[in-house]
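**Q** Here it is, the structure, as structure tokens.
There are 2 protein chains.
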Amino acid sequence: MTAAAVPPSIDPATTRLGWIGAGVMGASMCARLLAAGYRATVFTRTRSKAQPLLDAGAQWAESPAAVTAASDVVFSIVGYPRDVREVHLGDAGTLSTLAAGGVLVDMTTSQPALAVEIAAAAEEKGIAAIDAPVSGGDVGAKAGTLSIMIGGDEATVAALAPLWDAMGKTWVRQGGPGAGQHAKLVNQTLIGGNMVGVCEALLYAHRAGLDLDTVLKSVSSGAAGSWSLSNLGPRMIAGDFAPGFYVEHFLKDMGLALEEARRMNLALPGLALCEQLYHAVAAQGHARSGTHALMLALAQISGVDWQQRA
Amino acid sequence: MTAAAVPPSIDPATTRLGWIGAGVMGASMCARLLAAGYRATVFTRTRSKAQPLLDAGAQWAESPAAVTAASDVVFSIVGYPRDVREVHLGDAGTLSTLAAGGVLVDMTTSQPALAVEIAAAAEEKGIAAIDAPVSGGDVGAKAGTLSIMIGGDEATVAALAPLWDAMGKTWVRQGGPGAGQHAKLVNQTLIGGNMVGVCEALLYAHRAGLDLDTVLKSVSSGAAGSWSLSNLGPRMIAGDFAPGFYVEHFLKDMGLALEEARRMNLALPGLALCEQLYHAVAAQGHARSGTHALMLALAQISGVDWQQRA
């Protein structure tokens, strides 16, 4: 099979989009494409989650393969690498029906090696497969301000510019297949360090008898500052642990990063500790809380009842 | 002895300042007060370091006690808690000569308990002692953009406003004696988490074959962002490990935070790991490098020669 098909020409009037996965992120991202004037055919495991998209004009399809049969560019954003594998490489997966010249874009945070495998299988069929995980959370997905980290064929990535622009504020091609996934795991490794620091620092401040809001005034805007501190610190102080970003998804991401690191013979002791602490967070019943629930687990380790603190 | 003397009235025309310690931070901070029109009497262990201040009009004194004899408000910013103790509580220390109604301000990052001890000893003599460590580095000290974290008598802290304004962009009273030190240790705990995350993330990115500058474009401005990433990440990538902020001073600060945490029965596993990693940084000969030299030690653990990488 010859490589790299001609990059698609993207136009709301003619380009048929497919969308697989309508979770918190996917539903908002697809909605932005619909709002930008694109047609889309949608599949998701729980049909009711797609209803807002159908109400906005999307077509329903009964499987990834059925989505793909009606589409030129197919996006997926699902749960775990095993879901990505099934959606794209499974018997009723996208590659079973997508025509040569089509494009696959997986936006799930998933294994870099799986992205490489899908890209290779796609190339066999004259299809370009792109990995494009995102950062920016539900808020960024709704507002179209995501950071999209992209791996795959350069010309194809460039050709999809109008679609990236509809979903993200920042989109950067990081390299060939898998590079988007690697960049996302870099992103999550950063967040892990920041979260441990924020939780331990605020816990220290509490035990030292400081007023936490007053402490934030001193430390938020200087050399100790971070997005995590400015955005999640106040929620921790308020005792509001609603997700944002689920603990169980962050655990998945850290697991992927550590798995890759092992494969690369790389020791990441800070991330490994962070992941262990998040296992404690999940074990304490907070798997479906926001990532800032790390505070609850760290507090409990030292016998502090964070939610009942004076 | 009665408590809380009348807060001083600060005026460049009449207030006599004392300044003890002319290291990288202290020299710049005192220079800002001189530039704001204040008179100052200066002592530092190595007289040559004070020369720029003397050239700018400051008077030299031969000891902390001699500084204090000529001053109404005396600042100190020295190295370690033992230096703070000697400067203020020693035989030739400030408290041996400062008159009732005077004010001591220690801006060293030091033990909260020592700040409490000095404040109590000062109060016996009708002197207010304030702890006011800073964040913002040499750049912030020069530009007068420091964050000053303050503990001590409320009226006295308020009365010193013109002096805080000359040195800092943000100054916040965190509570009574020691609270400024606690807030600074909160600040350093945050930085520890951020630094571990930044180094491990960039090391991962390198091993994964990503272009590091391109990765920064994806991860710097979103949920993974931090001051450490934006300001020190590029220096790590460039292989420039000049201080900024010395590894050996950061080790001191983390040691203080962990010592306090032990005293408070508080487990800070992330900070403890970070401190251990920084001991490795120092052991590898980087005690006088910038804190971002953590990258060199983490790379070496996994057999990556960061400075010779392709």
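Those protein sequence lines, which keep their order, are chains P and W. Per numbering that gives the first Met the number 0, the first sequence starts with residue 0, numbered consecutively. Per numbering that gives the first Met the number 0, the second sequence starts with residue 0, numbered consecutively. For every residue, glycine included, the Cβ atom is placed at its ideal position computed from N, Cα and C. These numbers come from a predicted model, not from an experiment.
#1: Please state whether DSSP places W:Val303 in a helix, a strand or coil.
#2: Please check the pair W:Ser326 and W:Asn186, which I expect to be a contact at CB under 8 Å, by giving their CB distance rounded to whole angstroms.
#3: Can you confirm whether P:Lys141, when its beta carbon is compared against all beta carbons of chain W, has any partner nearer than 8 Å?
#4: Name the chain W residues that come within less than 8 Å of P:Lys216, Cβ to Cβ?
#5: Exposed or buried, P:Arg31, counting other C-beta atoms within 10 Å across all chains shown (16 or more means buried)?
#6: In angstroms with no decimal places, state the Cα-to-Cα distance between P:Ala286 and W:Met294.
#7: By DSSP, does P:Pro11 sit in helix, in strand, or in coil?
#8: Return the chain-ordered list of same chain residues with a C-beta closer than 7 Å to the C-beta of P:Tyr37, the five sequence neighbours on each side being excluded.
#9: Determine the DSSP secondary structure at P:Gln187, reduced to helix, strand or coil.
#10: Looking only at its chain, what residues have a beta carbon closer than 6 Å to the beta carbon of W:Ala279, apart from the 5 residues adjacent to it on each side?
#11: Going along chain P in order, which residues have a C-beta closer than 7 Å to the C-beta of W:Ala178?
#12: Along the region 214 to 243 of chain W, what residues have a CB closer than 8 Å to any CB found in chain P?
#13: P:Gly191: which of P:Ala154, P:Ala140, P:Gly174, P:Leu272 sits nearest, CA to CA?
#14: Quick test of your reading: P:Thr43 and P:Ala64, contact by CB under 8 Å. State the CB separation rounded to the nearest angstrom.
#15: Can W:Val246 and W:Ala292 be called in contact, C-beta distance under 8 Å?
#16: Closer than 8 Å, CB to CB, is W:Ile76 near chain P or not?
#17: Would W:Gly167 and W:Gly150 qualify as a contact pair, given that the criterion is a beta-carbon distance under 8 Å?
#18: Quick one: what's got a C-beta closer than 7 Å to W:Lys141's C-beta in the same chain, skipping five residues either side?
#19: Would you say P:Leu276 and W:Gly196 are within 8 Å of each other, going by their C-beta atoms?
#20: By the 9 Å beta-carbon criterion, what residues does the region 282 to 306 of chain W contribute toward chain P?
#21: Starting from W:Met148, find everything on chain P with Cβ-Cβ shorter than 7 Å and list it in chain order.
#22: Please confirm whether W:Arg31 has its beta-carbon closer than 8 Å to some beta-carbon of chain P.
#23: Which residue spans inside the region 28 to 111 of chain W form an unbroken alpha helix (DSSP H) run of at least 4?
#24: When you compare the CB of W:Thr1 with every CB in chain P, is at least one pair closer than 8 Å?
#25: For W:Leu311 and W:Gly136, I'd like the C-alpha separation in whole angstroms.
#26: Would W:Leu113 count as contacting chain P if we go by Cβ distances under 8 Å?
#27: For W:Gly289, count the other beta carbons within 10 Å of its own beta carbon; 16 or more makes it buried, fewer makes it exposed. Which is it?
#28: Taking Cβ-Cβ distances shorter than 7 Å, what residues in chain P pair up with W:Arg206?
#29: For P:Gln283, collect the residues of the same chain with a Cβ closer than 6 Å to its Cβ; drop the 5 residues on either side in sequence, then sort them by chain order.
#30: Indicate whether the contact test is met: 3 or more Cβ pairs, each with one atom in the region 119 to 127 of chain W and one in the region 198 to 214 of chain P, closer than 8 Å.
#31: Drop a sphere of 10 angstroms on the beta-carbon of P:Gln313, count the other beta-carbons inside from all chains shown, and report buried for 16 or more, exposed for fewer.
#32: Quick test of your reading: P:Leu228 and W:Gln173, contact by CB under 8 Å. State the CB separation rounded to the nearest angstrom.
#33: Under 7 Å between beta-carbons, which chain W residues line up against P:Val195? List them in chain order, please.
#34: By Cβ distance, which residues of its chain are closer than 8 Å to P:Met0, with the 5 residues on each side in sequence left out?
#35: Would P:Asp105 and P:Asp130 be called neighbours here (beta carbons separated by less than 8 Å)?
#36: Hey, W:Val171 and P:Ser217: beta-carbon distance below 8 Å or not?
**A** In this structure, then:
#1: Taking the first residue of the second sequence as position 1, residue 303 of chain W is located at position 304. Coil.
#2: For chain W, the structure presents residues 0 to 309; residue 326 of chain W sits outside this window and is missing.
#3: Working through the first sequence from its first residue, we reach residue 141 of chain P at position 142. Taking Cβ atoms only, chain W never reaches closer than 8 Å to P:Lys141, which makes this a no.
#4: One-based indexing of the first sequence puts residue 216 of chain P at position 217. Chain W residues near P:Lys216: Thr169, Val171.
#5: Within the first sequence, the letter at position 32 stands for residue 31 of chain P. Buried is the call here.
#6: For this step, residue 286 of chain P is matched to residue 287 along the first sequence. For this step, residue 294 of chain W is matched to residue 295 along the second sequence. Here the C-alpha atom of P:Ala286 lies approximately 32 Å from the C-alpha atom of W:Met294.
#7: Locating residue 11 of chain P in the first sequence gives position 12, where the first residue counts as 1. Coil, per DSSP.
#8: Looking up residue 37 of chain P in the first sequence gives position 38. Within its own chain, the residues whose Cβ lies closer than 7 Å to the Cβ of P:Tyr37, once the five positions on either side in sequence are excluded, are Pro11, Thr14, Leu16, listed in chain order.
#9: As a working note, residue 187 of chain P is residue 188 in the first sequence. Helix.
#10: As a working note, residue 279 of chain W is residue 280 in the second sequence. The answer, listed in chain order, is Ala296.
#11: Translated into the one-based positions of the second sequence, residue 178 of chain W becomes position 179. In chain order: Leu209.
#12: Cβ contacts with chain P: Val214, Lys216, Ser217, Val218, Ser220, Gly221, Ala222, Ala223, Gly224, Ser225, Trp226, Ser227, Leu228, Asn230.
#13: As a first step, residue 191 of chain P is located in the first sequence; it is residue number 192 there, counting from the start. Comparing Cα positions, the closest option is P:Leu272.
#14: The residue you call residue 43 of chain P lines up with position 44 of the first sequence. The residue you call residue 64 of chain P lines up with position 65 of the first sequence. The beta-carbon separation of P:Thr43 and P:Ala64, rounded to 14 Å, does not stay under the 8 Å limit for a contact.
#15: In the second sequence, residue 246 of chain W corresponds to position 247, counting from 1. In the second sequence, residue 292 of chain W corresponds to position 293, counting from 1. Yes. Within cutoff.
#16: What you label residue 76 of chain W is simply residue 77 of the second sequence in a count that begins at 1. By this cut-off, W:Ile76 is not an interface position.
#17: The residue you call residue 167 of chain W lines up with position 168 of the second sequence. The residue you call residue 150 of chain W lines up with position 151 of the second sequence. Inclusion of W:Gly167 and W:Gly150 in the CB contact set at 8 Å is not warranted, their separation being larger than that value.
#18: Taking the second sequence and counting its residues from 1, one reaches residue 141 of chain W at position 142. Answer for W:Lys141: Ser27, listed in chain order.
#19: The sequence position of residue 276 of chain P within the first sequence is 277, counting from 1. The sequence position of residue 196 of chain W within the second sequence is 197, counting from 1. Not a contact, by the Cβ cut-off of 8 Å.
#20: From the region 282 to 306 of chain W, only Leu297, Ile300, Ser301, Gly302, Val303 have a Cβ closer than 9 Å to chain P.
#21: Counting from one through the second sequence, the residue named residue 148 of chain W turns up at place 149. The contacting residues are Ser217.
#22: Taking the first residue of the second sequence as position 1, residue 31 of chain W is located at position 32. No, no contact with chain P.
#23: Fully enclosed alpha helix (DSSP H) runs of 4 or longer: 50 to 54, 63 to 68, 80 to 88.
#24: The residue given as residue 1 of chain W occupies position 2 in the second sequence. Residue confidence is low: W:Thr1 scores 43 on pLDDT, short of 50, so the model does not pin down where it sits. Its coordinate-derived value is still stated next. So, not an interface residue.
#25: Given that chain W is displayed from residue 0 to residue 309, the structure contains no residue 311 of chain W and the question cannot be resolved.
#26: Locating residue 113 of chain W in the second sequence gives position 114, counting from the first residue. False, the Cβ-Cβ gap to chain P never drops below 8 Å.
#27: Here residue 289 of chain W is taken as the residue at index 290 of the second sequence, counted from 1. With 16 or more other Cβ atoms from the protein chains shown falling within 10 Å of its own Cβ, W:Gly289 counts as buried.
#28: Within the second sequence, numbered from 1, the residue matching residue 206 of chain W stands at position 207. By Cβ distance, chain P contributes Met263, Leu265.
#29: Here the question's residue 283 of chain P lines up with position 284 in the first sequence. Closer than 6 Å at Cβ, skipping near neighbours: Ala296.
#30: Not touching, per the Cβ criterion.
#31: Chain P is shown only over 0 to 309; residue 313 of chain P falls outside these bounds and no answer can be derived.
#32: As a working mapping, residue 228 of chain P is identified with position 229 in the first sequence. As a working mapping, residue 173 of chain W is identified with position 174 in the second sequence. Between the beta-carbon of P:Leu228 and that of W:Gln173 there is about 16 Å, and that puts the pair past the 8 Å contact cut.
#33: The residue you call residue 195 of chain P lines up with position 196 of the first sequence. Gly192, Gly269, listed in chain order.
#34: Against the first sequence, residue 0 of chain P aligns to sequence position 1. In this prediction, P:Met0 scores a pLDDT of 40, lower than 50, which makes its location untrustworthy; no coordinate-derived value is stated.
#35: Position 106 of the first sequence holds residue 105 of chain P. Position 131 of the first sequence holds residue 130 of chain P. Yes, these two residues count as a Cβ contact at 8 Å.
#36: The residue labelled residue 171 of chain W in the question sits at position 172 within the second sequence. The residue labelled residue 217 of chain P in the question sits at position 218 within the first sequence. Closer than 8 Å, so yes.
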